[in-house]
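With this note's numbering, you'll find the sequence shown wraps up at 467, consecutive numbering, no jumps.
For glycine and all other residues, C-beta sits at the position ideal for the given N, C-alpha and C.
For clarity, every value in this text was computed on a predicted model and none was experimentally measured.
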Amino acid sequence: SGFTQVTLPAYGKSVAVRIDSLHKQLKEFVAERESLLRAVEELAGKRLQLQAAYDYFYNERFKLSVASGFAVGSRTFYLEGWIRTKDTEALRKKVEESGLRHYLEFREPVEGEEPPSSLENHPVVSPFESLLLAFSCPQYNEVDPTAVMAPFFLVFFGFALGDAGYGLVLGLLCLALLKFLPMTNAGRKLTVVFLAGSVATIIMGLGLGGFFGDIIIFKPLFGINPVEQPIPLLILAVGMGVVQSFVGLAISGIMYSREAGIIAALLRDGAYALFLLLAILALAKDYVGLGAYGDIITYALIGSVILVIIGSMHERKGLKKLLGIPAALYKIYNSIGFFGDVLSYSRLMALALGGSVMGSVVNQFVRQFAASPNPLLGYLIAIIIFVFGHALNLALNLLSAYVHPSRLQYLEFFGKFFEGGGRPFSPLKVKYKYTNIISKREA
């Protein structure tokens with residue numbers, strides 16, 4: 025019928041009285057809003073003092089919350105907490121310098137405890153910890169993958185953005201932000217990541233022949249033009265995925281060797297990696313010039329299957345060793361998932377190709393207007409299209425170049441070895457949200 029039945033709330037007064045009441049409430053709300061706005065205007069002049077007060081009282085509350093966990097008596101107190109091994113001697117020295125009678129003991133974590141994880145990387149790599157923590161913090165006994173993840177992320181970022189001109193603009197923007205914009209430590213680290221990504225983008229852009237699309241035509245250093253040669257570009261993207269996937273398997277083997285020993289790790293992860301490598305060679309032998317060695321590769325592949333079975337049986341004891349045979353066959357069957365992960369890296373080709381095509385389309389419009397009969401108007405419109413067109417293309421591709429390489433790290437790479445679920449080591453220290461403390465040396 026086109027009508028919807030609505031049940032109105034029941035009021036004991038007429039509609040006119042109700043409307044009048046609502047108008048009065050509205051006037052009261054407007055008056056209250058104006059009063060609040062005046063109060064905000066008065067406080068706006070004291071913003072710096074309020075921000076400093078916020079940081080001060082936040083830290084005071086934080087100290088009190090920590091102190092509430094102490095066991096305090098009339099003459100003594102007991103304190104227990106986590107500390108990094110390298111800081112133990114410094115703590116011992118501080119306690120001894122206090123002159124107080126004390127008993128200080130350090131011990132290793134015991135079974136059942138869940139110590140926090142302290143990420144300690146080289147200053148060049150440490151900004152990429154923000155990418156890792158955006159996914160999860162490693163557990164105490166896990167490998168910190170930041171140093172391994174960083175170069176892969178940069179290569180994928182540069183490959184996806186794939187334009188030297190865009191990399192140059194991004195780098196200048198990041199330098200300006202670092203120079204003139206006050207930022208938190210986390211924001212500064214993320215900006216440094218993008219700055220490093222801009223360098224990778226310039227390199228990959230020169231390699232793929234992109235400088236603001238095709239505004240300047242030059243020979244790609246890699247010998248691959250994304251628009252004219254999409255298949256070699258796809259092979260390059262998938263090849264990078266193969267390399268990172270095998271690195272993930274290697275890390276998995278290293279972690280397993282800590283528990284079961286090197287032999288067990290070689291039989292489990294090494295044999296599986298060998299099988300995958302030989303399977304790839306068997307599929308691609310005709311394309312990489314190994315067609316004449318097809319029989320040798322086939323026999324080696326069969327041998328790797330036997331090694332996978334032996335490795336699966338080696339993990340088990342007694343009669344359960346027989347269960348290793350179907351488990352190994354299922355593992356081999358499940359290698360389809362490995363190749364699916366590798367194919368996920370083809371998205372890098374799509375991103376590089378899409379950005380290149382969009383840049384070329386913008387340049388085509390620019391050339392058309394620049395060649396118009398009215399040079400002044402034509403060049404003016406061409407400049408506007410060039411600036412806004414490439415700015416929009418950069419913004420869209422920058423988002424994709426961050427999201428998709430991050431996804432490849434989180435799912436395809438970390439899925440090989442990383443569990444996460446740990447908690448970061450957060451020592452008792454002063455934390456500021458609005459205040460930046462600058463030393464005399466920095467000033």
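Distance between beta carbons of residue 161 and residue 446, contact taken as under 8 Å
Contact annotation, residue 446 with residue 161: C-beta distance approximately 4 Å; criterion of less than 8 Å satisfied.
Can you name the start and end residues of the alpha helix (DSSP H) that residue 283 belongs to?
Bounds of the alpha helix (DSSP H) holding residue 283 are 254-284.
For residue 335 and residue 282, believed in contact at Cβ under 8 Å, the rounded distance:
With 8 Å as the limit, residue 282 and residue 335 do not qualify as a contact, their Cβ atoms being about 17 Å apart.
Spatial distance of residue 467 from residue 146 (CA atoms)
With a pLDDT of only 48 at residue 467, under the threshold of 50, the placement of this residue in the model should not be trusted, and no figure is reported.
With DSSP collapsed to three states, give me the class of residue 396.
Three-state DSSP puts residue 396 in coil, outside helix and strand.
Excluding the five sequence neighbours on either side, which residues of its own chain have a C-beta within less than 6 Å of the C-beta of residue 201, listed in chain order?
Counting only Cβ-Cβ distances below 6 Å, and skipping sequence neighbours, we find 215.
Could you tell me which whole alpha helix (DSSP H) segments of length 4 or greater appear in the region 113-195?
153-159, 170-185, all fully within the region 113-195.
Using only alpha-carbon positions, find the residue among 220, 284, 186 that is nearest to residue 248.
It is 186 whose Cα lies nearest to the Cα of residue 248.
For residue 242 and residue 233, I'd like the C-alpha separation in whole angstroms.
Between the alpha carbons of residue 242 and residue 233 lies a gap of roughly 6 Å.
Is residue 466 helix, strand or coil by DSSP?
Only weak support exists for where residue 466 lies, its pLDDT of 49 falling under 50; the value from the coordinates is given anyway. Here residue 466 sits in coil by DSSP.
Please return the same chain residues whose Cβ sits closer than 7 Å to the Cβ of residue 192, not counting the five positions on each side in sequence.
226.
State the Cα-Cα distance for the pair residue 4 and residue 50, rounded to the nearest angstrom.
Not covered by the structure: residue 4. The range shown for the chain is 25 to 467.
Tell me the DSSP secondary structure of residue 454 in three-state form.
Secondary structure at residue 454: coil, using DSSP grouped into helix, strand and coil.
According to the neighbour-count rule (16 or more other Cβ atoms, all chains shown, within 10 Å of its Cβ), is residue 92 buried or exposed?
The residue in question, residue 92, is exposed, as its Cβ has fewer than 16 Cβ neighbours within 10 Å.
Taking the alpha carbon of residue 153 as the reference point, which residue from 127, 390, 190, 209 has its own alpha carbon closest?
If we check each option's Cα against that of residue 153, 209 comes out closest.
What do you get for residue 422, buried or exposed, if any count of 16 or more other CB atoms within 10 angstroms of its CB means buried?
It counts as buried.
Tell me which same chain residues have a C-beta within less than 6 Å of the C-beta of residue 353, skipping the five on either side of it?
Excluding sequence neighbours, residue 353 sits near nothing in its chain.
Can you check whether the CB of residue 171 is closer than 7 Å to the CB of residue 148?
Cβ distance not < 7 Å, so residue 148 and residue 171 don't count as in contact.
Do residue 389 and residue 409 come within 7 Å of each other at the CB atom, strictly closer than that value?
Taking 7 Å as the Cβ cut-off, residue 409 and residue 389 qualify as a contacting pair.
Go ahead and label residue 96 buried or exposed: buried means 16 or more other beta carbons lie within 10 angstroms of its beta carbon, across all protein chains shown.
By the Cβ neighbour-count rule, residue 96 is exposed, with fewer than 16 other Cβ atoms within 10 Å of its own.
Where residue 310 sits in the DSSP three-state scheme:
Residue 310: coil per DSSP, three-state reduction.
Do you know how far the Cα of residue 138 is from the Cα of residue 166?
Roughly 12 Å between the two C-alpha positions.
Just curious, the alpha helix (DSSP H) that residue 469 is in, first and last residue?
Nothing can be reported for residue 469, as the shown portion of the chain is limited to 25 through 467.
Who are the Cβ neighbours of residue 384 in its own chain at under 8 Å, not counting the five residues just before and after it?
Counting only Cβ-Cβ distances below 8 Å, and skipping sequence neighbours, we find 237, 238, 251.
Alpha carbon of residue 163 to alpha carbon of residue 443, nearest angstrom:
In this structure, the straight-line span from the alpha carbon of residue 163 to that of residue 443 is close to 8 Å.
Which full runs of the alpha helix (DSSP H) of 4+ residues lie inside the region 37-117, going along the chain?
The DSSP assignment places 39-68, 71-91 as complete runs of the alpha helix (DSSP H) inside the region 37-117, in order along the chain (cut-off: 4 residues).
For residue 190, the nearest candidate out of 418, 450, 331 (CA to CA)
With respect to the C-alpha of residue 190, the residue from 418, 450, 331 having the closest C-alpha is 418.
Closest to residue 415 by C-alpha separation, out of 387, 56, 452, would be which residue?
Of 387, 56, 452, the residue nearest in Cα terms is 387.
Residue 292 - containing alpha helix (DSSP H), residue span
Note, residue 292: premise wrong, no alpha helix (DSSP H); not H, not E.
If you reduce the DSSP assignment to three classes, tell me which class residue 389 lands in.
Residue 389 falls in the helix class under three-state DSSP.
Spatial distance of residue 33 from residue 65 (CA atoms):
Their backbone Cα atoms lie some 39 Å apart in a straight line.
Leaving out the 5 sequence neighbours to the left and right, which residues in its chain are closer than 7 Å to residue 116 when beta-carbon positions are compared?
Once the five neighbours on either side are set aside, the close Cβ partners of residue 116 are 128.
Just verifying my parser: in three-state terms, what is the DSSP assignment at residue 429?
Residue state, collapsed to three classes: helix.
Is residue 438 helix, strand or coil by DSSP?
Helix, per DSSP.
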